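Keeping their order, the protein sequence lines are chains A and B.
Those letters in the first sequence? Residues 11 to 361, per this note's numbering, in order.
Those letters in the second sequence? Residues 132 to 734, per this note's numbering, in order.
Cβ coordinates follow ideal geometry from the N, Cα and C atoms, glycine included.
Being a predicted model, the structure only gives us computed values, none of them experimental.
The structure appears below as structure tokens.
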Amino acid sequence: MTYLAKPKVAHPSLPKNPLGFTRRDYEGALSTLCAGCGHDSITAAVVEAAWGLALEPQNVVKLSGIGCSSKTTAYFVSGGHGFNSVHGRMPSIAMGANAANRNLTYIGVSGDGDTLSIGLGQFCHAIRRNLNMLYIIENNGVYGLTKGQFSASADVGSKAKKGEANTQPPIDPVLLALTLGATFVARSFSGDKQQLVPLIQAGLEHQGFALIDVLSPCVTFNDHEGSTKSYAYTREHYEPAVHADFVPRQAAITADYPPGEALPVEMHDGSRIVLRKIEEGYDPTDRALAMTRIQERLAEGEHLTGLLYLAPSPGDFHVANGTPRFALNSLPYEALCPGAAALERTLARYR
Amino acid sequence: MQPTDTANPDYYHRVVDCQWACPAHTDVPEYIRLIAQGRFTDAYMVNRDSNVFPGILGRVCDRPCEPACRRGRIEQKPVAICRLKRVAADHRDDVSALLPAIPKVKNGKRIACIGAGCASLTVANDLMPLGYQVTIFEQYGAPGGLMRTNIPSFRLPHTVLDEEIAMITGMGVDLRLNAKIDSMRALLAQGFDAVFVGSGAPRGKELKLPGREAGAANIHIGISWLESVAFGHVESIGRRVLIIGVGNTAMDCCRTSLRLGAHSVKVMARKPRTFFKASPWELDDAEEENVEIVINRSPKSFVIENGRLAGMLFDRMEYDLDAAGRITAERITGEEFLPADDVILAIGQENAFPWVERDLGIQFDKWDVPVVDAATFQSSRRGVFFGGDAAFGPKNIIWAVEHGHQAAISIHQHCQGESLAARLPPGINLQSRKMGMHEWSYANDYTPVERRLMPHVSIKERFKKLNIEVELGFTAAQVEQEVQRCLNCDVQTAFSAKLCIECDACLDICPVDCLTITANGEEGELRARLKAPARNLAQPLYVSGALPQTGRVMVKDEDLCVHCGLCAERCPTAAWDMQKSTVHWPHAADGDATVRVPQPKIA
């Protein structure tokens with residue numbers, strides 16, 4: 011936490027995106043999280059990703075629930091829309107907003123408590139509906155805002171700051187999302203922006219529910235010896251399995267990949283994600299195999315990271331329900347509210 | 132790259148761009164902070180410790196610090212360092228009690244200084260507190276050298292000059308006025324323990340063209356003419372004046388002419404504006420007074436009519452420039468006559484030693500310039516030292532002051548029978564500015580105000596008298612804003628690699644993207660892959676040792692750091708700290724344990 015806002019002065023050679031904005035234009039309010047919080051790094055990654063995609067700030071919707079993590083939506087894209095919802099209910103708000111206007115970019119930020127405890131039901135159903143949004147879990151295994159109790163993602167045997175060990179098994183959001191049929195499932199680490207930034211960009215472009223579980227150390231309550239979510243422990247037990255490079259629509263693939271290892275996946279708008287397998291034998295397009303490998307490595311205490319599973323989206327909530335292509339606010343009043351006679355006709359269909 | 136050796140005093144000193152660029156290594160950020168606190172006297176003493184003449188230099192310094200100022204790279208205009216120096220000098224209290232005590236019992240060593248200019252006065256300033264008896268021989272009736280004779284009083288009032296010189300002569304210096312030295316041999320025969328030659332570069336360059344002799348009555352050598360004006364020997368000039376040359380002396384000549392009755396003053400330059408030698412602000416000040424600067428005119432001859440100067444004939448020049456702005460070809464495209472009543476030649480000056488006999492063991496090189504050691508300032512004869520313009524040709528006041536400091540060290544070593552090479556090395560102290568969780572004992576916020584402009588006496592008023600100082604000095608409101616523009620570059624970002632947990636907090640918060648954690652590499656390649664590529668090769672990279680968790684390194688590009696301290700404020704482990712560096716640039720007194728010269732109080 012700092013009492014001094016980041017000065018507006020910037021490096022004179024800061025590059026501009028096609029909209030004429032620099033990265034600094036995608037920043038938000040002053041962070042009041044602890045100094046060294048992993049969440050602030052994720053915020054910086056979101057800023058970088060949004061700048062790189064040249065998102066128009068007024069078309070970005072930032073949604074969150076309650077918790078340290080949920081404060082972070084205030085810290086990026088200050089020109090976007092924001093909604094800070096009731097604890098664990100962010101998916102419902104996202105659902106409603108998305109139903110009304112499908113043409114905006116939805117970024118939900120939640121924590122392990124907000125998602126895996128109080129909001130677990132909402133989280134599951136958002137995945138089932140394939141709500142078109144990026145859902146970031148800032149996962150630190152601890153309730154930081156209430157001073158360090160174990161959260162639902164704390165590993166068995168992980169020690170709290172005062173020394174007691176956790177005994178309850180964790181809920182793994184990645185495995186959970188895979189069982190629920192999610193089509194974009196990723197895991198990353200706040201300390202690895204090279205991995206995280208393209209993941210966020212790919213997730214924002216994915217037409218459907220994109221989950222990124224980001225291991226994000228709590229520097230105050232969960233960065234000690236014995237913790238399995240500290241910076242040091244995460245660095246030792248984190249294995250990139252699949253690296254995803256996001257390639258915007260206009261750009262050609264320039265990077266050199268050894269043949270057979272790179273797998274370009276076309277996105278709906280012509281942009282591509284190039285998947286590069288790092289872990290031998292891992293296949294990010296095989297759901298069952300992915301689950302097996304993730305579980306095997308988890309049993310060894312290792313986190314596989316990267317874009318762990320990617321499938322072509324079957325179509326998001328709007329496609330499944332055949333809703334109009336337009337945002338409701340762009341429809342004329344007569345179409346939105348067709349009057350008493352139209353209501354009668356509709357009701358008559360159910361009699 | 133190897134980890135940066137921050138224990139080398141030069142590393143952090145270099146980060147303080149202004150202090151590094153200042154020949155005398157004035158602690159600029161420190162005195163600006165003192166001004167911000169209203170401690171003008173302390174700010175003055177910090178200045179005086181290095182540059183000896185803050186009131187004078189606060190008006191007429193060549194300001195090598197300002198082009199170097201980091202603020203100039205962030206938003207074009209540097210901090211008005213020189214103007215702030217004047218603020219400290221103008222608003223200080225009496226400092227006589229803060230000056231070093233002069234021992235009543237002398238050490239028995241007698242030093243002669245030739246010329247009472249800034250170099251000799253600095254030698255006296257440094258040696259008098261050590262018990263030396265210093266005699267200064269001055270050819271004119273008042274001390275000051277070129278500060279008095281060549282800098283017009285509308286830029287440097289005599290009261291300021293007299294007061295700062297008196298601080299030194301008042302230490303008990305034996306000042307002999309109207310005592311021109313005509314023979315080095317005779318001086319050496321007087322048995323001084325050391326002789327310091329600070330006689331400047333008093334010979335203005337001549338322009339030998341047809342008509343020079345015939346028009347001599349109205350053709351003047353710039354520095355001699357300024358000297359005559361300074362001593363009241365010349366009080367008027369013709370209505371139409373041409374100045375030949377476009378250096379700082381030319382600027383002083385043209386502006387002085389306007390005050391002595393000239394109506395039309397033209398400064399004639401051989402080359403285009405990018406080649407001008409004058410400081411930009413001196414050009415601005417002259418042009419503000421409607422001096423016309425005419426470029427691409429090469430003097431051809433003086434035109435004499437009826438036995439009197441009528442004007443000058445010039446060749447019109449045309450130049451081809453390459454991409455780097457260098458001249459690749461030049462041609463004459465015609466000629467032009469400009470009428471004039473007087474012509475002033477301001478095309479340079481040189482040192483001259485007709486009074487130094489050539490058989491004294493003082494060697495002169497093929498340009499007839501004395502051979503002087505660049506570090507010790509000793510000539511080829513032991514015990515004879517040169518400094519200021521006399522040593523290496525015309526530079527400026529602040530260089531002359533530093534020559535004086537270094538020569539004083541040498542003279543002290545010489546008189547104590549020590550080796551001149553056994554000089555104290557520069558040192559540096561670092562002290563944390565951390566006051567609390569989010570508190571620093573310096574104003575760390577970046578203040579986006581633009582450089583303040585110096586208010587001037589109105590054009591109408593300023594020509595009424597020769598000695599009306601044109602620059603009024605900053606107002607209180609201007610001072611308040613200008614001090615906040617200083618980036619406190621001396622509050623260093625000190626990094627301790629072993630504490631770093633690589634959380635990226637510093638990288639994310641740095642407003643100017645000067646930090647990167649990355650794999651180590653060769654400098655050229657490393658510079659290219661930083662978060663913001665480090666293209667300014669004049670600025671160093673800081674590279675840490677291997678970080679504990681991943682073995683990568685922390686790299687900082689010093690170029691654009693605004694020293695806001697947010698990296699340290701965001702650091703959860705205090706791996707970053709903001710530490711004020713104090714550079715110790717040794718002077719003569721530092722080499723003598725028996726003498727205690729009061730150190731200036733700092734913030």
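Extent of the continuous alpha helix (DSSP H) run through residue i
i: residue 135/A; result: 130 to 138
i: residue 589/B; result: From DSSP, residue 589/B is part of no alpha helix (DSSP H); its letter is neither H nor E.
i: residue 343/A; result: 343 to 346
i: residue 242/A; result: 241 to 246
i: residue 222/B; result: 212 to 222
i: residue 36/A; result: Taken as a continuous stretch (DSSP letters only), residue 36/A belongs to no alpha helix (DSSP H), as it is neither H nor E.
i: residue 176/B; result: 171 to 182
Residue i CB to nearest heavy atom of the ligand COA below 7 angstroms
i: residue 249/A; result: The model depicted lacks the ligand COA and carries no ligand whatsoever.
Burial state of residue i, where buried means 16 or more other Cβ atoms lie within 10 Å
i: residue 323/B; result: buried
i: residue 189/B; result: buried
i: residue 608/B; result: exposed
i: residue 568/B; result: exposed
i: residue 468/B; result: exposed
i: residue 263/B; result: buried
i: residue 144/B; result: buried
i: residue 199/B; result: buried
i: residue 351/B; result: buried
i: residue 311/B; result: exposed
i: residue 539/B; result: buried
i: residue 383/B; result: buried
i: residue 136/B; result: exposed
i: residue 275/A; result: buried
i: residue 601/B; result: buried
Among the options, nearest to residue i - alpha-carbon criterion
i: residue 212/B; options: 233/B, 256/B, 239/B and 160/B; result: 160/B
i: residue 165/A; options: 122/A, 273/A and 284/A; result: 122/A
i: residue 238/A; options: 49/A, 331/A and 168/A; result: 168/A
i: residue 118/A; options: 148/A, 258/A, 277/A and 282/A; result: 148/A
i: residue 617/B; options: 498/B, 202/B and 174/B; result: 202/B
i: residue 426/B; options: 432/B, 445/B and 412/B; result: 445/B
i: residue 517/B; options: 137/B, 184/B and 244/B; result: 244/B
i: residue 45/A; options: 669/B, 383/B, 633/B and 651/B; result: 633/B
i: residue 186/A; options: 133/A, 211/A, 173/A and 175/A; result: 133/A
i: residue 197/B; options: 175/B, 167/B, 157/B and 500/B; result: 157/B
i: residue 669/B; options: 217/B, 690/B and 289/B; result: 690/B
i: residue 240/B; options: 385/B, 186/B and 325/B; result: 325/B
Run of the beta strand (DSSP E) containing residue i, from where it starts to where it stops
i: residue 442/B; result: 439 to 452
i: residue 149/A; result: 143 to 149
i: residue 560/B; result: 558 to 563
i: residue 281/B; result: Neither: residue 281/B is in no beta strand (DSSP E) and is coded neither H nor E.
i: residue 649/B; result: 646 to 649
Counterpart residues of residue i in DSSP-defined beta bridges
i: residue 226/A; result: Beta-bridge pairing links residue 226/A to no other residue.
i: residue 244/B; result: 267/B and 327/B
i: residue 198/A; result: 224/A
i: residue 467/B; result: 445/B
i: residue 285/A; result: 254/A and 273/A
i: residue 639/B; result: For residue 639/B, which the question treats as bridged, DSSP gives no partner whatsoever.
i: residue 707/B; result: 626/B
i: residue 91/A; result: 71/A
i: residue 688/B; result: 672/B
Quiz item: Does the region 84 to 93 of chain A come close enough to the region 43 to 59 of chain A to have 3 or more Cβ pairs within less than 8 angstroms?
Solution: As far as the Cβ criterion goes, the region 84 to 93 of chain A touches the region 43 to 59 of chain A, which means the pair count is three or higher.
**Prompt:** Quick one: any contact between the region 552 to 559 of chain B and the region 708 to 722 of chain B, if contact means 3 or more CB pairs under 8 angstroms?
**Reply:** Judged by Cβ distances under 8 angstroms, the region 552 to 559 of chain B makes contact with the region 708 to 722 of chain B, as three or more pairs qualify.
For this session: Inspect the CB distances between the region 194 to 213 of chain B and the region 484 to 504 of chain B and report whether three or more fall short of 8 angstroms.
Result: Contact fails: fewer than three Cβ-Cβ distances are below 8 angstroms.
Is there contact here, the region 242 to 250 of chain B with the region 313 to 332 of chain B, by at least three beta-carbon pairs under 8 angstroms?
These segments touch.
Legend entry - Cβ contact (3+ pairs, closer than 8 angstroms) linking the region 349 to 361 of chain B and the region 266 to 284 of chain B: Contact between the region 349 to 361 of chain B and the region 266 to 284 of chain B is present, because at least three Cβ pairs lie under 8 angstroms.
Validate contact between the region 299 to 310 of chain B and the region 341 to 360 of chain B using beta carbons, cut 8 angstroms, 3 pairs: By the Cβ rule, the region 299 to 310 of chain B does not count as touching the region 341 to 360 of chain B, because fewer than three pairs are nearer than 8 angstroms.
With a threshold of 8 angstroms, are at least 3 pairs of Cβ atoms found where one atom belongs to the region 220 to 232 of chain A and the other to the region 133 to 151 of chain A?
Touching, yes.
- Query: Are the region 620 to 632 of chain B and the region 694 to 714 of chain B in contact at 8 angstroms, needing three or more beta carbon pairs?
  - Reply: Yes: the two stretches touch, three or more of their Cβ pairs being nearer than 8 angstroms.
query = Looking at C-beta atoms only, is the number of pairs between the region 367 to 374 of chain B and the region 397 to 407 of chain B that lie closer than 8 angstroms three or more?
reply = Yes: at least three Cβ pairs fall under 8 angstroms.
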